[in-house]
Every structure is written in C-alpha cells, then in structure tokens.
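Remarks on the structure that follows.
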Amino acid sequence: MGTELKKLTMLDGLEQRETELLADVACSESIGQLNHLLQELSKPPLNGVHLNDSGNTEQLVTIAVLGPPLESMPICLQGAQQSRGNILMVLEPSWLERRQVNHNEEGNPVNTQRLFIRRAVSFDGGGVALLEDFVPPRKVTYLAKLSHVDRVGLENAYASLLAPGLECALGPCHALNKLTSNTLHWHSLLTRDSELANPRSITFATARCAEAQKVASETSAQGCQSASCTLPLLEPKVDLSPINVQQSRQMRNSSRRRYRARGGRAPDRQHPSFLQTAERCAGGQEQRRGLEQGCYVPPETRLSWWRSLCRAFSRSFRNLTRCRRRTPPGWTPLRGPDCLKLWRHSERTGWTAALRRARLRRSGRSDVENARELPVERLGFKVRALVARAPWGEPEIVALLAVSGSLARPIRFRGSSAVDLDAVLQAWGASDAAREDIRTAVSSTAERLARLILDSETSLKDVQKGGAGCQTDFLGVDMLVAPAAAAHQAVRVFVIKVLPDWRCCRNLLTPSVSLSKSASLWVANMVSRSQDCLLRGKRILILGAGGYTKRFIWEHTRKLGLRVVLAHEDASHFARELVETFIVVPGMEFHSPELDRQHAARIVEALEERRLTVDGCLTVWEEHGPLAGLVNNLLGTRGNSYEAQALAKSKFRTLEALMRATGERPYGPPTSAFASKIYRLPDEAALVRAWEDLEGRPAMLKPEHGSASTGVYLAKTLEEARAKYKEIPLSLTGSPIGRAFGCDLLLMEYIEGPSHEVGIIMFDGQLVAALLYDVGPCRKPYFNETSAACPSGLQDGVQESLRQAAARICRALGLNHGVFSVELKSTRTGLKLIEVNGRQGGYYIQDWMRRVYGVDLLKANMLTAFGIRPHIHTLPQPRTHLVGRMIYSGLHGAAFGNGSCSVELLTRLHREGVADLFQQDPDLVPSEEFEEPFANIAVPGATRAAAKAHMEALWRMLGFEALDSKPCPYYLSLF
Numbered sequence: 005m006g007t008e009l010k011k012l013t014m015l016d017g018l019e020q021r022e023t024e025l026l027a028d029v030a031c032s033e034s035i036g037q038l039n040h041l042l043q044e045l046s047k048p049p050l051n052g053v054h055l056n057d058s059g060n061t062e063q064l065v066t067i068a069v070l071g072p073p074l075e076s077m078p079i080c081l082q083g084a085q086q087s088r089g090n091i092l093m094v095l096e097p098s099w100l101e102r103r104q105v106n107h108n109e110e111g112n113p114v115n116t117q118r119l120f121i122r123r124a125v126s127f128d129g130g131g132v133a134l135l136e137d138f139v140p141p142r143k144v145t146y147l148a149k150l151s152h153v154d155r156v157g158l159e160n161a162y163a164s165l166l167a168p169g170l171e172c173a174l175g176p177c178h179a180l181n182k183l184t185s186n187t188l189h190w191h192s193l194l195t196r197d198s199e200l201a202n203p204r205s206i207t208f209a210t211a212r213c214a215e216a217q218k219v220a221s222e223t224s225a226q227g228c229q230s231a232s233c234t235l236p237l238l239e240p241k242v243d244l245s246p247i248n249v250q251q252s253r254q255m256r257n258s259s260r261r262r263y264r265a266r267g268g269r270a271p272d273r274q275h276p277s278f279l280q281t282a283e284r285c286a287g288g289q290e291q292r293r294g295l296e297q298g299c300y301v302p303p304e305t306r307l308s309w310w311r312s313l314c315r316a317f318s319r320s321f322r323n324l325t326r327c328r329r330r331t332p333p334g335w336t337p338l339r340g341p342d343c344l345k346l347w348r349h350s351e352r353t354g355w356t357a358a359l360r361r362a363r364l365r366r367s368g369r370s371d372v373e374n375a376r377e378l379p380v381e382r383l384g385f386k387v388r389a390l391v392a393r394a395p396w397g398e399p400e401i402v403a404l405l406a407v408s409g410s411l412a413r414p415i416r417f418r419g420s421s422a423v424d425l426d427a428v429l430q431a432w433g434a435s436d437a438a439r440e441d442i443r444t445a446v447s448s449t450a451e452r453l454a455r456l457i458l459d460s461e462t463s464l465k466d467v468q469k470g471g472a473g474c475q476t477d478f479l480g481v482d483m484l485v486a487p488a489a490a491a492h493q494a495v496r497v498f499v500i501k502v503l504p505d506w507r508c509c510r511n512l513l514t515p516s517v518s519l520s521k522s523a524s525l526w527v528a529n530m531v532s533r534s535q536d537c538l539l540r541g542k543r544i545l546i547l548g549a550g551g552y553t554k555r556f557i558w559e560h561t562r563k564l565g566l567r568v569v570l571a572h573e574d575a576s577h578f579a580r581e582l583v584e585t586f587i588v589v590p591g592m593e594f595h596s597p598e599l600d601r602q603h604a605a606r607i608v609e610a611l612e613e614r615r616l617t618v619d620g621c622l623t624v625w626e627e628h629g630p631l632a633g634l635v636n637n638l639l640g641t642r643g644n645s646y647e648a649q650a651l652a653k654s655k656f657r658t659l660e661a662l663m664r665a666t667g668e669r670p671y672g673p674p675t676s677a678f679a680s681k682i683y684r685l686p687d688e689a690a691l692v693r694a695w696e697d698l699e700g701r702p703a704m705l706k707p708e709h710g711s712a713s714t715g716v717y718l719a720k721t722l723e724e725a726r727a728k729y730k731e732i733p734l735s736l737t738g739s740p741i742g743r744a745f746g747c748d749l750l751l752m753e754y755i756e757g758p759s760h761e762v763g764i765i766m767f768d769g770q771l772v773a774a775l776l777y778d779v780g781p782c783r784k785p786y787f788n789e790t791s792a793a794c795p796s797g798l799q800d801g802v803q804e805s806l807r808q809a810a811a812r813i814c815r816a817l818g819l820n821h822g823v824f825s826v827e828l829k830s831t832r833t834g835l836k837l838i839e840v841n842g843r844q845g846g847y848y849i850q851d852w853m854r855r856v857y858g859v860d861l862l863k864a865n866m867l868t869a870f871g872i873r874p875h876i877h878t879l880p881q882p883r884t885h886l887v888g889r890m891i892y893s894g895l896h897g898a899a900f901g902n903g904s905c906s907v908e909l910l911t912r913l914h915r916e917g918v919a920d921l922f923q924q925d926p927d928l929v930p931s932e933e934f935e936e937p938f939a940n941i942a943v944p945g946a947t948r949a950a951a952k953a954h955m956e957a958l959w960r961m962l963g964f965e966a967l968d969s970k971p972c973p974y975y976l977s978l979f
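Going by the numbering used here, the letters in the sequence shown line up with residues 5 to 979, in that order.
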C-alpha cells in the first residue's frame with residue numbers, strides 16, 4: 005500500500021513538473037509571438053520585467069485579458085487609451101492566482117473565490133509594452149478569455165482557474181461561446197423576428213435539440229423562408245454503438261492517410277450510412293429515435309468544406325445512406341454533436357457581379373473581340389458585422405467588414421484580407437444610395453440578431469452560462485447580401501453564422517478598421533462591468549429618501565448589488581421596504597448649523613448601535629447637502645466638507661464666494677466673471693435700496709435656499725416687487741424649503757439669454773465628465789421650466805467653455821468630489837451662473853443622460869462616494885436626440901379631464917417606445933401659484949430637427965396645444 009502511495013506521489017510530482025515545463029515553453033513562445041506582432045504594428049519590443057509595488061488595489065479597475073497576443077492586442081491597445089494601466093495582457097494561466105475567500109470585510113462567512121494577477125503585460129498610450137510583476141498581486145475585476153483551444157498539458161490549469169465561483173465579472177466562457185455559435189440555437193431565435201429572413205436549407209437535428217420540431221412548426225406558421233419536412237431514414241447495417249474521442253481521432257487520421265496515399269482521390273469503399281454517422285456524432289442509440297422522427301429545415305445558406313470522416317453526403321435527396329469522401333459542389337455537412345446539418349447552396353444567393361479576367365490584348369484584334377473571349381468569373385462577397393455590448397447593455401455595431409472572392413469556392417474571412425464594407429461596395433460600383441441601403445440592412449439585421457442572443461442569456465441558468473458572472477460582450481455575425489424580391493425592399497440580408505469573441509476579435513486589427521471606434525465600446529463595457537464588481541456588496545448611507553421622483557434610486561441600487569442604509573425623518577416612507585436598513589431621525593427635515601450637528605451625531609450613533617460599517621455616504625436631496633458633509637467628516641468617508649455644501653445651498657453665498665475666489669488658474673476668466681449682482685433682503689427697506697442700485701431694471705425675487713424655481717418671480721416694477729416680497733414667504737411657509745431653511749428672499753438682477761444645464765462629475769478636484777443639455781424659454785413671471793433638449797446644440801467651443809466654467813465654479817466652492825448640477829446662461833457679455841445644486845440633477849436627468857450619453861449618473865455618484873474614480877466613456881456621437889416638454893396640472897389638467905390625454909395613454913406611449921415619460925407625481929395635484937411639473941414627456945429622434953417635429957405633433961395629439969398661452973413651436977424655438 006505504501007509503495008503504491010509513493011508511486012502515485014511521484015506521478016503527481018512528474019505531472020506537476022511537466023505542466024510547469026510546458027508553461028515555461030508556452031510562455032517563451034507567447035512572448036516571441038507578442039514581439040513579432042509588435043514589430044508588425046511598428047511598436048517597440050517588450051521591455052524586461054519590472055517590479056510594480058502597487059500597494060492596495062482593492063479599489064482599482066483591473067481587467068485581465070487571457071489569450072494569445074493576436075486576440076488580446078486590440079483590447080490592450082485601446083484600453084491603454086481609455087483606462088491606462090488597468091487593462092493587462094495575461095499570456096499564461098500561471099500568471100494568475102486563485103484564492104478562496106471564507107469571510108468578507110465584516111467577518112461574515114462567505115463562499116467565493118477571487119482572482120489575482122502576479123505577472124502581466126501592460127501598455128502605455130503610445131503602445132509601448134512592459135512586462136510587470138505585481139507585488140502584492142493585483143485583484144482582478146474582469147476576466148476575458150480570448151482563446152478556444154487550450155494547449156496540450158495546460159487544460160487542467162485553465163479548468164481550475166476558470167472554475168465557477170469567481171467573484172469578478174467574466175466574459176463568455178466555453179459553454180456560452182458554444183451556445184452562441186450553435187447554429188440551431190440562433191436559428192430558433194431568428195424565427196421570433198419575422199423580418200429576419202434567410203435562404204432555405206436542409207438540417208438534420210438530433211433529439212438533443214428538443215425545440216427543433218417546435219421551431220419548425222412555428223416557422224411554417226409564420227410563413228418565413230424555412231419549412232419542415234420528413235425524409236425516410238434507412239436502417240443502418242452496422243453496429244451503432246457510440247465511439248469515443250480517441251477512436252474517432254484514429255479513424256480520422258487513418259482516413260486522411262489513405263486519402264493522401266491515393267493522391268487526393270475519394271476512397272473506393274463506401275463509408276457508413278448517414279444514420280450511423282449521425283448516431284456516432286450525437287451519442288448512440290438514444291439519439292436514433294430522435295432522427296427517425298424527421299428533420300428540421302431552417303433558413304440558412306452556407307458553402308463550406310470540412311475534411312472529416314463521414315461528413316459529406318450525396319447530392320440526391322432519395323438516397324442519404326451513401327456517404328462519399330469528396331463533398332459535392334454546393335454541399336457541406338454540419339459538424340458537432342448537438343445538431344447535424346446538410347446545407348444546400350444556391351448560386352443566386354449573394355451579391356454577385358460578372359467580372360472578366362485581365363489578359364494581354366492580342367495584336368491585330370479589337371478590344372471587343374478580346375473581351376468576348378475572356379472567361380467570366382462569378383464573384384461574391386461576404387459581410388461580417390462586429391457587435392459589442394455597450395455599457396448601457398444594448399448591442400451596437402462597431403465595424404462592418406467584407407471579403408470578396410470567386411463563388412466557385414468558399415469565401416472565408418480566415419486567410420483573406422478583410423476591408424471595410426464601403427470600400428468593397430465602392431470597388432463594385434455601387435451607388436451612394438445602394439451603399440447606404442446595404443449598410444442599413446446589414447446593421448439592422450446584425451443588431452436585431454445580437455439583441456435576441458443577448459436577451460436569451462438572461463433566461464439561462466448559471467450552470468448553462470458557465471458561471472454567475474459570464475455573459476457575451478462581443479460577437480461577430482457573418483451575412484450574405486442579395487437583391488430583394490419585394491419592391492419595397494432594397495436588398496435582403498441572410499445570416500450565415502454567429503462567431504464568438506475569440507474568433508473575430510483579431511478583425512479589429514484590420515488596417516481599414518479604426519481601432520478607437522471598433523474596440524472602444526467593448527473596452528468601455530469591460531470597465532463598466534469592472535466598476536459593477538467593485539460596487540457589489542458595499543454598504544452606502546443615503547441621507548433623505550426624497551419624494552416620488554427619487555423612486556428610481558432604490559431599484560437601481562438593488563441592481564448594482566449595494567446594501568443601502570437610509571436615514572429619513574418619516575418612519576412610514578415607502579422606501580423603508582426597499583432598503584436593507586432604515587434609520588428614523590426625527591426632525592431631520594429642519595436645518596441649521598446646530599440642528600445639522602445634532603442630526604449627524606444621531607445618525608452615527610444609530611450606526612454604532614446596529615454595528616454597521618458603511619463604505620460611503622451621500623445624499624440626492626438638496627436640503628441634506630450640508631448634513632452629508634458633517635456625516636462624512638464623522639465617519640471618515642469621502643465627500644465634500646460642510647462649508648462647501650453650505651456655500652452651494654445658499655444662492656447668496658455662492659455668488660459671494662465666486663467674487664472672492666483666489667488661487668485661480670492662469671488661463672480663462674476669473675470666477676467673478678460668472679457672478680451677477682445679488683442682494684439679501686432682511687426687510688422692505690433693503691429691497692428698495694437694492695432696486696435703486698439696479699437702476700430700476702427688472703429683477704428676480706428668489707428664496708436664498710430654494711430649488712426647482714419654487715418661489716422665483718420676475719418683478720418689472722418696484723411696486724410689484726414689494727407686493728411679491730410679502731406674498732412669497734406666505735406661499736413657502738408649508739413647503740419643504742420653508743420648513744428646512746426658512747423663507748429668506750434675495751433680489752438678483754435679471755439675466756437674459758438661453759439657459760444650459762451641466763451635469764458634472766468631479767473626483768478629487770478633477771473634472772471627470774460634464775454632460776450638457778439646453779433649456780427652453782420659461783413660463784414667466786414664475787420661471788417654470790417648459791422644455792428641454794439633449795444633447796446641447798451649441799458649437800463645440802461653446803460647450804467646452806461651459807464645461808470648464810462649471811468645473812471652475814465647483815472648485816471655487818469646494819465641491820471637489822461627487823456629481824453636481826450647474827445652471828448657466830449664455831449672455832452677450834459671457835457666461836453667467838444661475839445656481840449650483842450640490843447634488844445630482846433631479847427629475848428626468850438620470851434617464852436622459854443614460855439615454856443620450858450612455859452615462860449612469862447615480863452609479864458615478866456611488867463610485868465617488870466610495871473613493872473610486874468613475875471611468876466615463878465619451879461617445880463620438882450621441883445615441884439619440886431628445887426634445888421634451890413639461891406637463892403642469894394647473895395648465896394642462898383640462899386635457900386629462902376632456903379625455904384627449906390620460907396617465908394610461910402616456911404610460912402606453914412610454915412602454916411602446918414612442919415617447920419617454922418621467923412622472924414626477926403619481927396623480928394630478930391641485931394647482932398652486934408656484935407649482936412643480938406633474939410629468940415630463942420627451943420624444944427621441946435621429947436628429948434634433950426630427951425629435952422637435954415629433955414633439956410638436958405629439959403635443960397637438962395629446963390636446964395640450966390649445967391650453968398653452970403660446971404655441972408649442974415658441975417653447976421649442978431655442979432648439
């Protein structure tokens with residue numbers, strides 16, 4: 005017994021040593037391949053090993069790209085531009101380390117595993133590669149494995165490394181890639197969309213594909229290009245026992261030797277029958293019963309050639325039992341254990357052109373005579389669409405490639421020079437209109453199929469996907485283009501196959517493809533999922549639940565995997581059931597320096613009583629901004645100071661701070677240039693003095709601590725200003741603003757010009773991103789918002805001036821950390837500040853920024869609260885254009901009463917994608933003098949002009965046009 009144990013131990017040691025040797029040899033080969041690739045890309049060779057003492061990397065985005073250099077290079081080069089130093093090339097699995105985690109940071113038992121990088125290749129912005137050793141190892145937040153066939157001897161290393169249970173986000177594993185590229189799988193998805201048609205072909209499906217007959221019947225009912233039929237399958241005359249992998253390899257190798265010995269001629273003897281081949285590929289007698297039930301005919305065309313045993317069948321439909329070595333022209337079988345297919349190729353399929361081979365002109369004969377004798381070769385081309393999952397979760401086309409060749413042989417991307425689709429169409433003489441039609445048809449088909457594939461993954465179990473964090477982030481779709489049969493269609497597009505990421509990522513290095521355009525969304529999604537990994541499981545303290553408009557916060561934090569501790573004054577608030585912990589703080593709605601200190605002490609004490617440790621603290625309710633500064637100071641979490649939040653909350657102190665700001669940068673105007681005249685009004689006499697100082701020009705009365713234009717009034721005469729000076733405090737007494745800070749009023753000079761809102765993200769005083777949208781004319785004299793448009797229609801230079809002005813204003817106030825909203829006006833004398841909100845923009849801003857710019861403001865707000873720098877991907881073009889109008893109960897309530905509009909109708913328009921609805925109250929509320937909007941409805945469009953025209957039509961349809969004091973085009977005139 006002891007001798008056997010020693011032998012087993014020695015064998016284990018030899019296997020481990022053999023694996024290490026194979027890893028060393030493979031490492032040297034991979035580095036050699038990397039240097040060769042760098043040389044082809046005109047980059048310097050790989051530098052030597054450098055020690056990277058990165059310290060604590062728990063809060064850093066770390067993306068490990070595991071695979072050969074050719075597949076990994078596009079991601080790493082683009083990652084060096086978007087997230088420098090965070091996207092690392094891992095050439096060998098031995099460079100990664102897997103650790104078991106039994107307890108989390110709070111000591112609670114968990115059962116998860118983390119991945120760490122010990123060595124990797126990093127790239128700088130210029131493409132210079134550096135081999136680094138990380139001490140301590142760097143925690144991985146996203147793992148992308150861009151390799152399908154593992155090298156012999158390293159299968160166990162890959163299997164143990166990528167086993168289920170990893171904490172980090174993952175790209176598609178082998179199981180998910182196999183499902184994505186499974187032809188019968190995406191064919192079944194194609195049948196769900198009647199607009200995605202394909203040529204006809206014959207497919208034999210095994211019983212393993214249980215939905216084959218169901219899909220066939222559904223397809224027949226829908227009248228698509230596919231049909232189902234039953235063909236006679238003859239009984240085999242040989243043993244049907246399944247064969248293992250080793251036996252199949254031996255049979256294939258012996259067949260190849262005999263094939264070469266005969267000079268490439270087909271073997272004389274007959275091969276086993278089709279049914280025997282199907283059973284052996286499918287797995288035995290059990291699959292035979294499924295084959296006898298019939299066959300499924302999906303819509304697809306493919307011309308290919310595979311040198312495999314018993315995979316080619318005769319041309320005749322009546323005799324499928326004779327299998328020949330050579331594939332007949334136009335035929336190829338399907339390989340794989342899940343479904344066996346027989347494809348039929350049509351010469352009419354594909355965008356073809358008759359071209360003549362060039363020959364030397366014979367002397368004494370005309371060009372026409374020479375042209376007649378030139379042989380004609382039918383050419384075609386194949387299109388490949390590269391589709392990436394964007395950070396907002398939808399598929400986007402990042403590149404359209406094409407290869408052309410003779411139709412006498414298969415047209416393949418592998419081994420061919422792929423170029424941009426426009427270049428091929430232009431070379432073939434297609435007109436501008438035809439090129440646009442083809443691009444539109446190809447893009448639409450690829451996006452629709454990719455969306456079906458990505459949506460189908462949500463219903464899969466973790467075991468089917470290969471892990472909880474696995475999902476497809478990049479794929480390729482091969483298509484053929486043919487003239488349309490219907491008059492209303494320009495062309496028809498037929499899907500050939502779907503490729504996983506590892507098979508098409510090398511196309512990103514095609515010279516005709518812009519790497520910054522094609523790989524940017526893929527890299528941005530990796531970074532976004534890495535940030536999700538960093539957020540998952542953290543505990544956030546949110547001060548103030550807000551009202552109905554903040555309801556999106558609780559659902560979104562649940563999707564991000566955050567544990568929310570909510571402090572609020574009302575114990576019966578609806579958000580109580582939507583968070584992990586609810587802390588009741590009586591009197592929290594009242595604010596003063598002394599009260600805020602008491603509230604902060606109570607909140608910290610409540611956390612200690614519950615033994616809760618929070619990772620960050622923030623507020624999305626503007627009244628609690630100063631309180632959040634005090635709580636952050638007591639807890640030691642990241643955030644702005646109490647003084648900075650107090651400055652932002654007071655309209656008077658904001659402009660006063662801008663006038664006194666020092667230590668400004670040497671470029672650009674001083675912050676005092678953004679300020680306007682403003683006066684405090686402790687009594688009516690102060691109002692008279694301020695009015696005289698403004699020389700009797702129109703001025704605005706506004707609350708010092710107001711928000712959402714509540715209590716703002718434009719006074720044109722001194723008598724009107726005196727009357728409103730007495731009325732406004734009475735109107736605000738019972739409002740949240742009046743209860744929180746009182747009703748102190750200010751007088752500010754009236755600034756003419758269009759308004760612009762800037763949603764700004766700051767991290768440690770640095771500008772991360774600034775997102776703009778335009779605001780339409782207000783309802784005077786109350787300054788109620790009526791319309792808005794996103795993105796901004798200003799020139800690029802003016803937009804950059806707005807971004808820099810908003811960033812300088814935030815720095816001057818001390819708002820260096822978080823997400824804020826800054827409103828400015830563009831006047832004849834430059835930019836002027838209206839107000840700064842020391843919290844994330846409210847109302848519809850969260851939805852609009854995500855819809856237009858693809859930026860999640862709430863997620864960025866959470867990241868900054870945890871001390872993690874947000875990575876914001878800037879799109880070269882906006883995703884869409886939005887133009888919206890505000891609906892007020894007092895002004896537009898009659899349309900809800902006469903039946904021309906209803907909440908149900910607005911909800912249905914939103915659900916069907918016709919319009920975007922953001923409802924700010926669940927029901928219509930009685931009209932007040934300083935009322936807030938009931939809802940915002942916006943219409944998307946490919947251009948701003950299109951969105952504007954659709955908004956005007958929708959506004960008339962809903963019956964609001966007749967209720968406004970001015971027509972809808974007036975409120976949209978600034979757009």
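Note that CB positions come from ideal geometry on N, CA and C, so glycine has one too. These numbers come from a predicted model, not from an experiment.
Short of 7 Å in beta carbon distance, which residues of its chain neighbour residue i, apart from the five on each side in sequence? Order them along the chain.
| i | result |
| --- | --- |
| Gln-510 | The residue asked about is misnamed: residue 510 is Arg in this sequence, not Gln. Excluding positions up to five away in sequence, the list reads Leu-74 and Glu-75. |
| Gly-471 | Pro-168, Leu-170, Leu-174 and Cys-177 |
| Gly-565 | Leu-539, Arg-540 and Gly-541 |
For residue i, which three-state DSSP category applies?
| i | result |
| --- | --- |
| Pro-597 | helix |
| Asp-57 | coil |
| Ser-408 | strand |
| Thr-561 | helix |
| Pro-141 | strand |
| Met-663 | helix |
| Tyr-975 | helix |
| Ser-32 | helix |
| Phe-964 | coil |
Name the one or two DSSP bridge partners that residue i has.
| i | result |
| --- | --- |
| Leu-482 | Per the sequence shown, the amino acid found at residue 482 is Asp instead of Leu. DSSP lists Arg-388 and Lys-501 as partners of Asp-482. |
| Ile-91 | Ile-67 |
| Lys-4 | An answer regarding residue 4 cannot be provided, because it is not within the stretch 5 to 979 covered by the chain. |
I'd like the span of the beta strand (DSSP E) that includes residue i, first residue to last.
| i | result |
| --- | --- |
| Ile-457 | Careful: Ile-457 lies outside any beta strand (DSSP E), inside the alpha helix (DSSP H) at 436-461. |
| Thr-617 | No beta strand (DSSP E) contains Thr-617, which DSSP labels as neither H nor E. |
| Asn-940 | 939-945 |
Residues in the same chain with beta-carbon distance under 8 Å from residue i, minus the five sequence neighbours each way, listed in chain order, please.
| i | result |
| --- | --- |
| Val-391 | Pro-399, Glu-400, Ile-401, Val-402, Ala-450, Glu-451, Ala-454, Phe-478, Leu-479, Gly-480 and Val-481 |
| Leu-651 | Arg-657, Thr-658, Ala-661, Leu-817 and Gly-818 |
How would you write the range of the alpha helix (DSSP H) that residue i sits in, first residue to last?
| i | result |
| --- | --- |
| Phe-934 | From DSSP, Phe-934 is part of no alpha helix (DSSP H); its letter is neither H nor E. |
| Ala-689 | 688-697 |
Give every residue of the same chain whose Cβ lies closer than 6 Å to the Cβ of residue i, excluding the five residues on either side of it in the sequence, and list them in chain order.
| i | result |
| --- | --- |
| Tyr-974 | none |
| Leu-910 | Leu-921 |
| Leu-771 | Ala-811 |
For residue i and residue j, I'd like the C-alpha separation in whole angstroms.
| i | j | result |
| --- | --- | --- |
| Gly-746 | Asp-600 | 15 Å |
| Val-495 | Val-485 | 7 Å |
| Ser-735 | Glu-761 | 27 Å |
| Ala-949 | Asn-181 | 42 Å |
| Met-961 | Gly-83 | 48 Å |
| Ala-773 | Ser-825 | 12 Å |
| Leu-828 | Glu-804 | 13 Å |
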